[in-house]
Every structure is written in structure tokens, then in C-alpha cells.
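Here our numbering is used: the first residue of the sequence shown is 1, the next is one more, and so on. Written below as C-alpha cells is the structure these notes are about.
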Amino acid sequence: MLPVVSPNPPQSPAPDERPDLRTLSLSALQALVALLGEKPFRAKQLFRWLHHKGAASFDEMTDLARPFREQLARETQLTRLTADAVQVSTDGTRKYRFRTWDNRFIESVYMPDEVGEPAFDPDADDEDPVEEPLARSSGKPARVRRTLCVSTQVGCAMGCRFCMTGTMGLVRNLTAGEIVDQVYRVNADLRGINKGEMDAQRPLTNLVYMGMGEPLHNYANVKRSLDLLLHQDGANFSHRHVTVSTSGLVPNILRLGEETQVKLAVSLNATTDEQRAKLMPVDKKWNIAALLEACRQFPMKNGRRITFEYVMLRGVNDTDEDAERLSTLLAGMPVKVNLIPYNENPGLGFGDPGVERVQAFRRHLERRGFAAMVRKNRGRDIAAACGQLAVAGQERPRAR
Ligand code: SF4
């Protein structure tokens with residue numbers, strides 16, 4: 001089956017025609033504020049409430065005059081995700097299921113890391129952590145990385161055989177407001193449970209676009225969400241701390257490289273087209289050669305480099321021959337390889353290769369000169385796989 005990669009995937013049907021403030025750029029907010037007859041500086045005030053403080057309602061915007069807030073409530077709308085379930089792991093991972101306005105479910109996963117631990121962030125640089133300011137009383141500031149994995153679609157069209165989200169098919173795209181609101185709702189939750197122990201405004205330090213959905217299949221909304229999250233008057237994330245992952249939508253890889261400075265992770269998972277097409281139908285449209293050529297053209301300024309993700313599946317892609325072919329494919333490219341031991345999913349028929357096989361594969365790549373790391377499996381006690389919680393909240397997975 002070829003993935004249904006429509007150029008115009010289903011958009012979010014907004015509750016009504018009023019503009020959603022959470023999705024608007026600062027310049028669009030300025031135009032809106034002028035239209036409503038307010039002073040220009042109100043636009044930046046509003047933008048900061050929406051994206052710096054992550055306000056969940058107009059009532060929180062206390063330095064805006066009440067008549068203006070009432071006018072906004074009448075003439076605009078505000079994306080609001082509702083946390084429907086939260087699972088907490090013994091390793092500190094928190095898995096959120098959010099309900100959208102039209103009763104769809106998406107999932108975001110929060111992963112705290114002490115620096116020095118292998119982080120979930122595939123491009124994490126140990127020299128680039130965030131100091132934990134309120135831990136200084138001990139004399140030694142904690143150096144931490146707090147990463148959120150965000151979703152970009154409800155379901156996914158790509159149909160990767162090893163993925164629970166892929167069993168759903170694509171239900172709809174998330175709006176930019178729904179993508180950024182995952183960050184703001186989790187920030188609010190973390191502020192609530194860690195009073196006085198982390199940056200009051202922005203507990204999260206890193207973002208990875210690796211949750212439900214193929215980010216580059218929802219390019220316009222993903223690009224808008226990046227603009228909002230990286231804006232200095234908004235959440236002000238550094239592009240060095242944001243990674244977008246793709247299963248290999250070649251045209252949008254190049255576009256992302258030209259239009260943003262965020263990092264790229266490519267989910268490769270196989271070393272021949274025969275093998276990859278069985279696991280990832282996208283390979284039938286853009287094969288490994290086309291994918292690697294797009295990666296070679298991806299702008300690598302300012303130390304940017306690509307991370308290749310390789311989900312290791314027992315007896316499928318985990319042999320020394322696979323490791324050798326992988327090193328041949330990636331030869332000469334400034335890349336990192338992230339090995340991901342498979343998190344087993346009931347009913348999908350794939351297995352975890354085990355620690356010894358994974359380490360042998362890693363050593364093989366290192367002997368060939370590659371930086372290869374094994375991703376720590378986070379939150380194994382709260383769910384076996386990304387997407388499982390949200391899949392369980394909505395349609396039954398389609399039969400394959
Ligand atoms: S692995 Fe990613 S791209 Fe593939 S089906 Fe799952 S969510 Fe979609």
C-alpha cells in the first residue's frame with residue numbers, strides 16, 4: 001500500500017469562522033488589533049500572553065482592559081487543549097493525552113534528563129544544557145534538559161508497519177495553535193508540580209516533533225508553529241533545541257532546510273529499499289537514494305547536522321550486515337545515528353533485538369567512524385509505544 005500523501009490533507013475544521021488567536025503571527029495580530037480599534041502596542045501584549053505566558057483563557061490576561069477582553073472573546077477564538085489523561089513513569093516521563101475541541105485525542109510526552117544521560121533529544125549536545133537556576137542553593141547548579149515530544153496530526157497517513165499511530169490512518173492535521181498549545185499546557189502542568197524549582201515561565205528546554213503524525217505532511221502548520229515557538233516575544237526556544245523528524249517526505253525536507261534553522265531527524269530504519277518499503281510505505285514514493293540526496297542538500301550551516309533514527313527490529317534489520325550497509329549509505333555525511341531498540345506493540349508482530357545485539361550494531365558503526373548512540377527507552381512502565389494512549393482514546397485501529 002502506498003501512503004496516502006495527499007498534497008492537501010484534511011485540515012482542522014475550526015469550531016467557527018472567527019480567527020483563532022493562538023495560530024496568528026505577530027503581524028497578523030497587529031492587523032487584527034488595528035481592525036478592532038485598539039492601540040498598536042496591545043498586539044505585542046496579546047502575543048506575549050498567548051505565547052510567552054501560554055495563557056489558557058482571556059480571563060488570565062489581566063493587564064488587558066476588560067472591554068477589550070470581552071471584545072476578543074466575542075470576535076475571536078482561542079485554541080485550548082484539555083489534558084484528558086496523564087501517565088507518570090518511575091523515570092519521570094509524563095505522557096499526556098490531550099482532547100481537542102472536536103473530541104479527538106493526541107499525545108505529548110515529557111522527558112526530563114540530567115545532562116550526561118543519553119537524552120531523548122537526538123541532537124542533544126552535552127555542552128549545551130540549560131542551567132537550573134533555582135538549584136543553585138546547593139552550590140552546584142543542576143544541568144538539565146527537559147524535552148517535550150509533540151504531535152502534529154491526529155493519526156498519520158504514512159502507515160509505518162511498526163507504529164501504533166500508523167494503524168489509525170490520518171484523521172486530520174493539527175493547527176499551529178494545537179501544536180504550540182501542547183507546549184503551553186505541559187509548561188503549565190510542570191510549573192504546578194515543580195513550584196519554585198524550575199524556570200517559572202518556561203520549564204521545557206527542548207522540543208522534538210516526533211509524536212503522532214508526520215510533521216512534514218502538515219508542513220504549513222508545523223512551520224507556523226515553529227515561528228511562534230521560536231519568536232523572541234513568545235516561547236523563545238532556540239533553534240538549536242528544536243528537532244523536526246520525518247519518515248522521508250523529500251520535497252519538504254529541502255523546504256524545511258531553506259525556511260528554518262531547526263535540526264532534522266530522519267527515520268531511516270532499513271538499509272535496502274526492499275527492506276524499507278516493507279516497513280515504511282513512503283519508500284515506494286521516495287526511495288533511500290532520493291532521501292539521502294535530499295539530506296546531502298540540506299543546509300548544514302552553524303554546526304547543524306542530521307540525525308538518522310534507526311528503529312531496531314529483531315531479525316528484520318539488526319544484523320552486522322545491516323550495520324555495514326548503513327555505514328556505506330551514510331559514508332561522508334556529517335551525521336549522527338540514533339539506535340532505537342523497538343518498544344514492542346501488541347499485535348504488530350515485531351520484537352526488541354535485545355541489549356547485546358543493539359550494542360554490537362552500535363560498535364560496528366563506531367568502528368566505521370560514526371557517532372552512534374542508543375536511545376534510552378523512556379517510560380516503559382507507562383506505555384509500550386508512542387501513540388498507544390491516544391490510539392486507545394479514539395477509533396479502533398484499521399485492520400491491515
Ligand atoms: S512512525 Fe511516524 S511517520 Fe510512521 S506511521 Fe508512525 S507517526 Fe507516522
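Backbone N, C-alpha and C define an ideal beta-carbon position, used for all residues, glycine too. All figures in this text were calculated on a predicted structure; none of them were measured in a lab.
A straight line joining the alpha-carbon of Ala-235 with that of Gly-369 spans about 37 Å. Separation of Gly-37 and Ser-89 (C-alpha to C-alpha, rounded to the nearest whole angstrom) is 49 Å. Glu-178 is classed as buried because its beta carbon has at least 16 other beta carbons within 10 Å across all chains shown.
Inter-segment contact for the region 321 to 335 and the region 285 to 298 is present: three or more beta-carbon pairs are separated by less than 8 Å. Annotation: Ala-265 is outside any alpha helix (DSSP H); the continuous beta strand (DSSP E) that includes it extends over 263 to 267. At a Cβ-Cβ threshold of 9 Å, Thr-243 and Leu-264 count as neighbours.
Assignment of Leu-207 by DSSP, reduced to helix, strand and coil, places it in the strand class. For Lys-223, the closest C-alpha among the options Thr-152, Pro-281, Ile-193, Val-266 is that of Thr-152.
Around the beta-carbon of Ser-247, 16 or more other beta-carbon atoms lie within 10 Å, marking it buried.
Counting only runs of 4+ residues, no alpha helix (DSSP H) is found wholly inside the region 67 to 122. Shortest gap from the CB of Thr-243 to any heavy atom of ligand 1: 8 Å or more.
The nearest non-hydrogen atom of ligand 1 is less than 8 Å from the C-beta of Phe-162.
With contacts defined by Cβ atoms closer than 9 Å, Arg-69 and Asp-59 form a contacting pair. Contact between Leu-279 and Tyr-310 is ruled out by a C-beta separation of about 11 Å, above the 8 Å threshold. Here the alpha carbons of Leu-32 and Ile-288 stand approximately 45 Å from one another.
In the same chain as Asp-320, and ignoring 5 residues on each side of it, the C-beta atoms closer than 6 Å to its own belong to His-364, in chain order.
Here the distance from the Cβ of Thr-165 to the nearest heavy atom of ligand 1 is below 8 Å.
Ala-371 and Arg-104 have their C-alpha atoms roughly 39 Å apart. A Cβ-Cβ distance of about 7 Å is found for the pair Leu-207 and Val-183, placing them in contact under the 8 Å criterion.
Ligand 1 approaches Gly-159 closely enough that one of its heavy atoms is under 8 Å from the residue's Cβ. Taking a 10 Å sphere around the C-beta of Ser-57, we find fewer than 16 other C-beta atoms and assign the residue as exposed.
An exposed status is given to Gly-303, since fewer than 16 other beta-carbon atoms sit within 10 Å of its beta-carbon.
Counting only the Cα atoms, Asn-377 lies some 10 Å from Thr-93.
Annotation: Glu-214 to Thr-76 spans about 29 Å, alpha carbon to alpha carbon. For the pair Tyr-342 and Met-373, the CB atoms are not nearer than the 9 Å cut-off. Of the residues Ala-323, Arg-48, Asn-218, Ile-193, the one whose Cα lies closest to the Cα of Asn-269 is Ala-323. Ser-245 counts as buried, since no fewer than 16 other beta carbons sit within 10 angstroms of its beta carbon. Counting along the chain, the unbroken beta strand (DSSP E) around Ala-372 starts and ends at 371 to 374. The secondary-structure analysis by DSSP pairs Leu-148 across a beta bridge with Tyr-110, Leu-207.
At a cut-off of 8 Å, the beta-carbon of Gly-347 does not count as near ligand 1: no heavy atom of the ligand is closer than that. As DSSP reads the structure, Val-282 sits in no beta bridge. Around Arg-296, the same chain offers Met-333 as residues with beta carbons nearer than 8 Å, after the five sequence neighbours per side are excluded. Looking at the DSSP output, Lys-336 shares a beta bridge with Thr-307, Ala-371.
Selection Asp-283, Val-282, Val-262, Val-266 evaluated against Lys-301 yields Val-262 as nearest (Cα-Cα). Burial state of Ile-253 is buried, judged by a 10 Å Cβ sphere holding 16 or more other Cβ atoms. Excluding five sequence positions before and after Val-86, the CB atoms of its chain that fall closer than 8 Å to its own CB belong to Arg-94, Lys-95, Tyr-96, Arg-97, Asp-189, given in chain order.
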